[in-house]
Amino acid sequence: MSDVDLFRLPVELLHRIFDYLEAQAIWSVRRVCKQLYSITSTYDRFHLNVNSQSKRLLKLFSRWISPECIVSLIFDIPESSSYFSWCLRTNSEDNMIRLFISLFAGHRFTRLRSLVINRAYDGDIDFLSHHLNTNSLESLSIHMCGDRVSSTIVFINAILSQNCIRKLYFNNSVLIINDMPWPDHCKLEHLILNTCGYNRYLIVLNDLLNLKIFVIDEWHSYNFGFSTDLLACKHRSLLTSLTIKNCTLPMEHIETLLSRTPALVHLKLISRKRAFDSIFDGYNWEQFILNRLPQLNRFEYFFSFIHKTNDYMKILNRVIASFQTPFWLQQKHWYTICSYAFESQTFELHTTTIHVTDSNNLIKFEKLAETNTYRLVGQPSKTDRTKTCTVLDLSNKTIDDTTVKFLSLALQHDKTLNILNLAGNQIGDIGAEHLATALLYNTTLVELNLRRNQIGRSGAQYFFKLQQNNTTLKKLELNENADSICTIVEIAHRIRYDKTLNSLNLAKRQIGDLEAQYLAEALRINNRLVSLDLRNNNISEIGIELIADALRNNSILSRIYLSGNPRQLGTVATTMQRMKCDMANYTLDFRLIQNSNFFVYLQSLTILKVQGCQIGNKGVQYLTDIFQHNNTIMAVNLDNNEIDDNGIKYLADVLRANEVGIFCGQTLTTLSLSYNRISDNGIKHLVDAIPNNTTLTIIDLEGNQIEDKGAEYIAVLLQNNKTLISLNLQKNRIGDMGAQHFREALKLNKTLLKLTLRNNQSNSCTIVQMEHEIKHEMTCTTTDWTGHQIGKEKLECLSAALKTNYTTIILILDNNHIGNDGIKHIADGLLKNTTLQELSVRNNRIGNEGVEYIANVLKENMTLTTLNLSNNLISDDGAKHLADAIQKNTKLIKLNLENNRIGDSGAQQVATALNINTTLTELDLSFNIITNHGADNLACGLQYNT
């Protein structure tokens, strides 16, 4: 806000702002400019705080502020005992109260509404009572020091007699209640006492007829219930708000206490470390409030008790249930939380509107009555408010699967816990499942210790699957459980996340194929392990293949030992891995490239393999020197080297400029740049460098950062290229537009045999790859895809290809589990196909529904002559569909229905059709469920079939 805007505000509004400032702040504003000086001079509602640091300012304020303009006064005397002994000398001008009165005329405080005196002696109060005008006082707070209070009581009584006072706080409650002669018709509405007992409580209710708010810091429970006739209720209490901050009374005494105040609207009770009684019973509270406190609409409470038990979940659920009735949740909207503090074994019950704790431990388990949900919460330590709440140790607590279920529910939404120790409990497979499910959603837990529990094989599998989805959990301990596979899952987790692990000895651990699978999955993403010893285990050929496949792109693990397992494949896999990591003959050592004398050897180099050396752009710059001295290189492998677009530019520049180098010399056939950081700009550099190349047949760009624009550059290259036969672009970022660019380019390109586009951003890439695969596989007259496990997407592509294919005569799709849905796609394609003559879909789980699709084809298609439907699930209804079709079909010659489920009724339908069909020459119905009666019907039908 500008100065002009500020001074346009009404003076009354600025004075309202000053109401929230102390006098010292207003003094600072006063000196800014003349306008503010004038505005502050007319302000008359000052709040003045008198303390040991304000002596100089007091003298300034006494000349500026008139006593009639002060509405609030605070004497904040320091707590230091040395200060008391110094300033309490009655003749000393350094006594803050006496100094203040000497500067301000006490009798002129005609508008003083609030007076606060902190840490004063009885003599100070006596001095004030004779020199300070308190006729208009509405609020008084006195915190006394020392045992003498006689003058203070006289002072308070005098103020109460004026009938202006509405709020009173006094810390020496015992003396004020016992000795205070409360004036008749006292107007006091708000009373705060540091301590109170039952008798004094009744005195207050009887003597203060206008009291509305009563706050007690601590309740004295001795002599509860003792009252003379004098203390009996003289009138109905009008108290509407009662707060007891430290109440140790049993529930029956609390009920007696509250019965005296039926008009209560607000009640706040705090009771710590009490015995477990009906105060924790929501049903009991509900009945009491309905019967005795009908006007209560705000109830705040905090109750706690200590109980050493392992059944804390049962207790917690039982307690919270009584606070989940419609009375609490719908009628009153008083929402309760019940929590268990693990370390102190303390149960806490409180409303959501109160923020109190009774425990030093940092983690509590809570259940919320409103939502009936669980959560783990952290709280600051009482000794260190800055301490982060991250560790929970629940080891050796006899925790079972039931308890873990509730703990897991809380872990799903926990944002505090980093380390959880559950070692030495009774957690089994069910509990392991609960924990693994919870950790799918948890994003903060980094360490979990489950050693020495009862987790078996299935429980370990849950944690293995978790590793593929949770990247936050860095340390998992599962050793010493019911099944040794738990140890393998723990080791697999270490392989994934332990950055210090470079050598691992797992010899003689009885590791089988399942354990090998777990290790293989972890090895796929490990790039630090150098040595792995798996000798003398029980790994079969299957397990060894899994490990070998996982290490296909790994050039770091140079020492792997698999001997002593049941199959010799272990020795082969070991040798191949060592050869891959061996720099001699296969990989040029990057460190030797910088030696200029080495270029004599480079002149005859045919294969340059610098794989996984992380040479980066600088390394590519060095490698360009090789190209200048060599015209024999046929293959370049720069996989996994952190090369980005700038590195590709170095490569492209030298290849474009070198007239006798790789490209112009027409020698390079293979270029592999997979798993680098190449994006669209790098692809543009590369494509521009090889527009006229006639020898490059293989390009591998897997695992880079190529998007749609880069795909477009490559697609334009493919339109005119006639030599490239293999292009790998899987695991990039190509979307729908990029896939469409390739689809259009492939319409013109007739030489590219293999295009890999899987695992990109769009599924369209996979479809384009399948279309291309099918297009080339169906260029021969016979296409055999037996046992290819063809999926839905490929079947859709096959259907589309059949509609335009004019080459394939024989199509074999045996053993693919195509099913009814899959055969529908094939049938759709065959309806427009005019070339295919033989179709075999043997052993594909085709039932009656699928046969109906084929039957519809036979009614329309006039080229198919041989159909093999053997080893499927065709019954009599399916036979009927086929029988109807062959009555109309005049081209089908051979029909194989061997080993289905056709019975006599189906045989009858076929026999009837044979009376009409005269072209079918071979029909195989062997190994069905046809009886002699069905065979007779077939024989009769064949009599008329010529």
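Counting from 11, one number per residue, gives the positions in the sequence shown under the working numbering. Even for Gly, the Cβ is constructed at its ideal location relative to N, Cα and C.
Asked: Within 8 Å, strictly: CB atoms of K318 and I280; Found: no
Asked: Through-space distance from N320 to D559, alpha-carbon basis; Found: 48 Å
Asked: The stretch 674-693 in contact with the stretch 714-722 per 3-pair CB rule at 8 Å; Found: yes
Asked: Given N173 as reference, the closest of T413, S146, A532, D649 once Cα atoms are compared; Found: S146
Asked: Neighbour flag for E870 against chain B, beta carbons, 8 Å; Found: In summary, chain B is missing from the structure at hand, where a single protein chain is found.
Asked: Best match in F165, K177, D132, L170 for proximity to G156 [C-alpha to C-alpha]; Found: D132
Asked: Proximity to T381 [Cα-Cα], best of A331, N853, T271; Found: A331
Asked: Proximity to I819 [Cα-Cα], best of T875, Y863, E783; Found: T875
Asked: Three-pair Cβ contact test at 8 Å for the stretch 103-121 versus the stretch 52-62; Found: yes
Asked: Secondary structure of Y345, DSSP reduced to three states; Found: coil
Asked: Every unbroken beta strand (DSSP E) within the stretch 256-305, with a cutoff of 3 residues, ordered by chain; Found: 276-281
Asked: Reduced DSSP category for C174 - H, G, I as helix; E, B as strand; rest coil; Found: coil
Asked: Residue burial classification, S38 (beta-carbon count within 10 angstroms, cutoff 16); Found: exposed
Asked: 8 Å Cβ cutoff met for A433 and R462; Found: yes
Asked: Boundaries of the alpha helix (DSSP H) in which K694 is found, first to last residue; Found: 690-699
Asked: Beta-bridge partners of M154, as assigned by DSSP; Found: A130
Asked: Run of the alpha helix (DSSP H) containing N910, from where it starts to where it stops; Found: Here N910 belongs to no alpha helix (DSSP H), and DSSP marks it neither H nor E.
Asked: Selection from L734, V387, L533 that minimises the alpha carbon distance to D424; Found: V387
Asked: 3-residue-minimum beta strand (DSSP E) runs that sit fully inside the stretch 483-535, ordered along the chain; Found: 485-487, 513-515
Asked: Per DSSP, the bridge partner or partners of I223; Found: H200, S251
Asked: Nonlocal neighbours in the same chain, by C-beta distance under 7 Å from A837, ignoring five residues either side; Found: Y863, I864, N866, V867
Asked: C-alpha gap between I959 and H343, whole angstroms; Found: Past the edges of the chain, shown from 11 to 956, lies residue 959, and the structure says nothing about it.
Asked: Sequence-distant residues of its chain with Cβ nearer than 6 Å to Y384 (five each side left out); Found: K377, F416, L419, A420
Asked: E932 - partner residues in DSSP beta bridges; Found: K904
Asked: Short Cβ contact (8 Å threshold) for G622 with I653; Found: no
Asked: Own chain partners of F937 with C-beta closer than 6 Å, once the 5 adjacent residues on each side are dropped; Found: E908, N909
Asked: Where the alpha helix (DSSP H) containing I437 begins and where it ends; Found: Segment: none, I437 is in no alpha helix (DSSP H) and carries neither H nor E.
Asked: D887 - containing alpha helix (DSSP H), residue span; Found: 886-898
Asked: Helix, strand or coil at I819 according to DSSP, with G and I counted as helix; Found: coil
Asked: Rounded straight-line distance, which links the Cα of A35 to that of F71; Found: 12 Å
Asked: Alpha-carbon to alpha-carbon, R270 and I264; Found: 10 Å
Asked: Burial state of D698 (16 or more Cβ within 10 Å); Found: exposed
Asked: Straight-line gap, T766 to R534 (C-alpha atoms, nearest Å); Found: 20 Å
Asked: Coil, strand or helix - W74 by DSSP; Found: helix
Asked: Exposed unless 16 or more other CB atoms sit within 10 angstroms - verdict on N105; Found: buried
Asked: DSSP three-state assignment for D654, whether helix, strand or coil; Found: coil
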